[in-house]
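Its first residue numbered 381, the sequence shown is counted upward by one per residue in the numbering used here. By construction, the Cβ of each residue, glycine as well, lies at the ideal position given by its N, Cα and C atoms.
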Amino acid sequence: MKYTQLGRTGLKVSRLVLGTMNFGPQTGEADSHAIMDAALEAGINFFDTANVYGWGENKGRTESIIGDWFAKGGDRREKVVLATKVYGNMAPDGEAWPNQDKLSALNIRRAVDASLKRLQTDYIDLYQFHHVDRRTPFEEIWQAIDVLVQQGKILYVGSSNFPGYKIAQANEIASRRHGTIGLVSEQCLYNLAERRAEMEVIPAAQDYGLGVIPWSPLHGGLLGGVIKKEVEGGRRASGRSADALANTSVRAQIQAYEDLLDKHGLEPGETALAWLLTRPGITGPIVGPRTAEQLESALRAVELELPEEVLAGLDEIFPGPGPSPEAFAW
């Protein structure tokens, strides 16, 4: 496994991030524990989750699965850089009550303590704001975070799904509060098929020293060889991939992508991950394996060197917006 610093911090993290969103809803506890063991054995030390994972009446279930895994011992907790998130409403469905979601100081305080209990740990390495809270000022948010850092409950803070101007606003306000370090990472939607983050989010993250952690690196499976799987195994795309492929121009684009990789003997999913690892400012993409086999495929991407011809071909098939601000200024 290869490692890098998380943004401008001294924290060293693996270039693949283990996403846990499937733990509980799609992958049972025993298999989830096996995947985490395999990830740690392969050198992945960066695990990402969120308090709402498990969804619906099972909100918090994913954190509990991770907590039970930590409880097995073997230095599991000590070896993991643990990231979780706050924002979503944790009240049972249909029983929402004020102050049980978003980024008020009250909800942050309650949410941290609840996550720590489920995760069976006394600190969170990276505490991430899952979304922008348009009604809570950053002065209040940072005041709450300062207390948690002083208490030793969290070490670093990151954002998720923030636009570039909110990254700037958050860190400018943090810097005025006694030199607080502010945000150290941004978790955003970024992949070959969805490159809008290059316009402002990634430039802002680079200017402020944030590591960028892309989620959905295969764009809901669309970049994982969906057409090839249809042809070879009769496995039809479903969900978001199926909806996308119903568009003839998108299908032609994905076919061109798969044809290019087939020409060079490359696997689509591994290539999509490897491409992200070549991008400026990227810490590492989040991989969310449902099985051990999917984890093994993701691990191969770290060692994959993409030829210049392939990189040029990918840019031709999936053109980015171009440099900022020229992309939208002229």
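Cutoff 8 Å; reference residue i; Cβ partners in own chain excluding five residues on either side
i      : result
Gln406 : Arg670
Thr658 : Leu686, Leu691
Glu650 : Ser677, Ala678, Arg680, Ala681, Leu684
Gly601 : Ala617, Gly619, Arg620, Ser621
Where the alpha helix (DSSP H) containing residue i begins and where it ends
i      : result
Glu566 : No alpha helix (DSSP H) contains Glu566, which is instead part of the beta strand (DSSP E) from 563-569.
Val682 : 672-682
Val690 : 688-697
Gly447 : 441-450
Ala471 : Unbroken run through Ala471: none, as it is neither H nor E.
Lys459 : 456-459
Asn487 : 485-499
Ser704 : First-last for Ser704: undefined, no H or E at that position.
Residues that DSSP places opposite residue i in a beta bridge
i      : result
Leu398 : Phe427, Val667
Tyr383 : Ser394
Thr464 : Tyr507
Phe403 : Thr407
Ile662 : Val592
Glu574 : Asn571
Cut-off 6 Å between Cβ atoms - residues of its own chain near residue i, not counting five sequence neighbours on either side
i      : result
Met579 : Pro701, Ser704, Ala707
Asn479 : Leu486, Asn487
Arg631 : Leu625
Ile424 : Ser394, Leu396, Leu398
Ala476 : Asn469
Asn402 : Gly668, Arg670
Tyr507 : Ile534, Val537
Reference residue i, options the options, closest by Cα
i      : options                        : result
Leu569 : Glu475, His511, Glu685         : His511
Leu646 : Val690, Leu675, Ala422         : Val690
Tyr588 : Ile547, Lys482, Ala573         : Ile547
Ser484 : Gln500, Tyr467, Lys497, Ser495 : Tyr467
Thr560 : Phe518, Arg576, Ala414, Ser596 : Phe518
Val537 : Glu566, Val667, Asp448         : Glu566
Phe698 : Ile582, Val460, Ile445, Leu640 : Leu640
Thr429 : Ser555, Glu421, Lys439, Leu653 : Lys439
Lys465 : Ala652, Gly474, Arg456, Arg490 : Arg490
Leu675 : Gln385, Ser412, Leu386         : Ser412
Arg457 : Ala654, Gln633, Asp505, Val606 : Asp505
Ile415 : Ser596, Leu563, Asn541, Val667 : Val667
Asn541 : Trp522, Ala554, Val592, Ala573 : Val592
Arg576 : Val564, Pro594, Leu590, Gly562 : Pro594
Ala584 : Gly544, Leu572, Ser596         : Gly544
Ser495 : Val581, Thr663, Gly404, Ile445 : Ile445
Range of the contiguous beta strand (DSSP E) that encloses residue i
i      : result
Leu535 : 534-540
Kindly provide the ranges of any alpha helix (DSSP H) runs that are 4 or more residues long and lie completely inside the segment 596-651, ordered along the chain.
-> 606-613, 619-625, 628-643
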